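Sequential numbering from 5 applies to the sequence shown in this note's numbering. We treat Cβ as the ideally placed atom computed from N, Cα and C, and that holds for glycine. In this text, all values refer to a predicted model and were calculated from it rather than measured experimentally. Below is one structure, written out as structure tokens, with a few remarks after it.
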Amino acid sequence: MAKQGNIQIASENMMPIIKKWLYSDKDIFIREIVANAADAITKFKKLADMGECAADEGGYRIDVRVDKDAKTLTVEDNGIGMTEEEVEKYITQIAFSGAADFLSKYEKAGGEGIIGHFGLGFYSAYMVSENIEIFTKSYKEGAPAVHWESDGESTYTIEECDRTARGTKIVMHIAKEEKEFLEQSTIRSLLEKYCAFMPYNIYLDANGKEDEKPVNDTQPLYLKNPKDCTDEEYLDFYRKVFHDYHDPLFWIHLNMDYPFRLKGILYFPKVKSKVELERGKVKLYCNQVFIADNIKEVIPEYLLLLNGVIDCPDIPLNVSRSFLQNDRQVQKISKHIVKKVSDKLTGLYKTDREKYEKCWADLSVFIKVGCLKDEDFYAKVKDIVIFKDLDGKYKNLEDFRKEQLPAEEQAAEQEAPSAEAGEESGKKENADKPVTVYYVSDEVGQAQYVSMFRAAGLNAIVCDSFVDPHYISYIEYKESGKFRFLRIDADVDAALKAENSADEEADKALADAFSKSLAVEGVTVKVERLKAQDVPAVINVAEFARRFGEMNAFYGMEGADADRDMTLVLNAANPVVQAFPSLNEEKKTFVAKQVYYLAKLSYKKLSPDEMKDFSANSVQLLGKFVG
């Protein structure tokens, strides 16, 4: 016959687990003990509001005292206090939540503002303490004060004491190996990290010297209504919290009460280097208690460029209150934050285009990375992704698409009754004709091509960030058949060509002779007649080959050398190229290499051997010129 019974948990077995494995960092204990003190005050205030006791006219506070000589760290509050019965119930019974018990007794009080849930936080103090004492006196009239003491093992002592003030004092006798928690600077730093916005004033007393001002801000800006906040207040809050004296670009104030409670401020910082793209810090709080930085379940990875503070009392935390439970609520919160960010960006684009363009250099990488990582985000912001053209003007891709359409089709789109109608018309007329968008990845290095494009009345966009090759490939995939991206050195556009010679055999002979004199493996030579007569040659690299090579280089992989698909386009309209066939073999070799080097310099850096040869040739030419 099967037996039934109750699972038994022995405290002597649980304590080592709590002390060593429940919390990821030892310093979290300060958050737990101070949070318990805050809860004690909140409970008292709720009882006072219900008429169960008289309100404290003197104000509420939490005192943190460091005594290096006595080797103690003390946290004291003037909250609800405990009776002997309550001490034995809440302290000696592991995982018995005083907050839950309070709410079950006083349902009308409500759980808003109460931090604790699990009844384990007190024991985190044993991670740094060899012994802990509790001195407490309940708000209940006539209840004697109580002294409790334990070394964190399975035994404790409890007795009456002479404490007269309502509230609780926790005295932690710091272990020898944890002496850093007796340093004023360490405790101040921990209070500023974990307790910066706790709802009651926290005063630090180090070796008898008490601070005049509290270490925390009980009414942080994010709790205010956005309508009541000024720009200067937002900037002051940013500087104070993030110690960054470079003003942010702009910010988003989150203020939501349904279907979940969420408050906070997200700042878009100025990006001063590529390294800083991964150095954003979004601080997550729950009831004004710090939880963690950059929790990716709440803030998607691509938004971690942002600096900000988010406080969400409804967020599901694990037992250690350091990480999130995998919960649908978290997904909803994350989606809401993404929506608010995309709405802010879209609103700025539509209402203050000038400011948006000024901020674009700092926003572009973050937005493009977001598009690559989140299809929903891409759908929301794709129309506000802008590119700078060769004239320094900013346009989105739809603007470039319309510019490439014939004049009559542009007019038709402008006359369309709606954007949808115009878009549909464009799709029908150009279903099999994707718009070619030329781009520049290095305006200085590709200056020769830029000059030719300008002279021909062509335009191109600037794509000079590390994410742009991936982003334009993504657009080609997402907007299939609509856009085709070519770097300006990928091909010679028809608009750059003059009327070509009909003598194809002569052009082929010129190309073969030049290739023989050049003698560079993997370089294909062909002849075109360009409008720019002063350019002897340009280099073209097939777009797909170059992108593949860049992709491999980005991921540290070998293979796909784009130079293998390099084409040297000789300009038949250039006097040097025209004179090439009449030169002797020595001069042909000299000219071929020099023309090749000049063309390659406009495409990429020369190799060390090529640069040495080019320099020697250039010196030789200078010598002949002055001679």
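Per DSSP, the beta bridge partners of R69 are T78, D209.
Secondary structure note for L490: its beta strand (DSSP E) is the uninterrupted segment 487-491.
In terms of CA proximity to Y160, E88 leads the group E483, N544, R170, E88. Linking D31 to F264 through their CA atoms gives a straight-line distance of about 30 angstroms. Taking 9 angstroms as the cut-off, the Cβ atoms of A546 and A499 do not count as close. Between V454 and the set A620, I492, T168, the nearest pair of CA atoms involves I492. The continuous alpha helix (DSSP H) containing K49 extends over residues 32-53. Judged by pairs of C-beta atoms under 8 angstroms, the stretch 72-92 does not touch the stretch 229-242, as fewer than three such pairs exist. In the displayed model, N135 falls within a strand according to three-state DSSP. Per DSSP, F391 is one residue of the beta strand (DSSP E) stretching across 390-392.
Excluding the 5 residues flanking it on each side, R167 has same chain C-beta neighbours closer than 6 angstroms at F139, K141, A149, in chain order. DSSP places T593 inside the alpha helix (DSSP H), whose first and last residues are 589-605.
Counted as a single uninterrupted DSSP element, the alpha helix (DSSP H) harbouring S455 occupies residues 451-459. Taking the CA atoms as reference points, P540 sits about 22 angstroms from S445. In the DSSP assignment, E196 falls within the unbroken alpha helix (DSSP H) covering 188-198. Boundaries cannot be given for C233, as no alpha helix (DSSP H) includes it and DSSP labels it neither H nor E. Counting the other CB atoms within 10 Å of its CB gives T46 a total of 16 or more, which places it among the buried residues. Residues of the same chain with a CB within less than 6 angstroms of the CB of Y607, apart from the 5 flanking positions on each side, are D493, I543 in chain order. Per DSSP, A515 is not a residue of any beta strand (DSSP E); the alpha helix (DSSP H) it occupies stretches across 508-522. G171: member of the beta strand (DSSP E) spanning 171-178, first to last residue.
Here the alpha carbons of V599 and K482 stand approximately 40 angstroms from one another.
Proximity of the stretch 288-298 to the stretch 198-206 meets the contact definition, three or more beta-carbon pairs being nearer than 8 angstroms. The beta carbons of A296 and L394 sit about 46 angstroms from each other, so the pair does not count as a contact at 8 angstroms. Exclusion of the five residues before and after E56 leaves no residue of its chain whose Cβ lies closer than 7 angstroms to its Cβ.
Residue environment analysis places T172 among the buried positions, since at least 16 neighbouring C-beta atoms fall within 10 angstroms of its C-beta. DSSP places T355 in the helix class (H, G or I) of the three-state scheme. With 16 or more other Cβ atoms from the protein chains shown falling within 10 Å of its own Cβ, H151 counts as buried. By the beta-carbon neighbour count (other beta carbons within 10 angstroms, threshold 16), D378 is buried.
No residue range can be given for D495, since it is assigned to no alpha helix (DSSP H) and is classified by DSSP as neither H nor E. Distances from the CA of L225 to each of D248, L253, Y249, H257 were compared; the closest alpha carbon is that of H257. The C-beta separation of F33 from S128 comes to about 4 angstroms, placing the pair in contact by the 8 angstroms criterion. Taking L310 as the centre and dropping the five residues before and after it, the same chain places the C-beta of L270, Y271, F272, G284, V286 closer than 7 angstroms to its C-beta, in chain order. When rounded, the separation of the alpha-carbon atoms in I162 and E153 is 7 angstroms.
By the neighbour-count criterion, in which 16 or more other beta carbons inside 10 Å mark a residue as buried, Y130 falls on the buried side. Secondary structure at K287: strand, using DSSP grouped into helix, strand and coil. Pairing K217 with R35, the inter-Cα distance amounts to about 19 angstroms.
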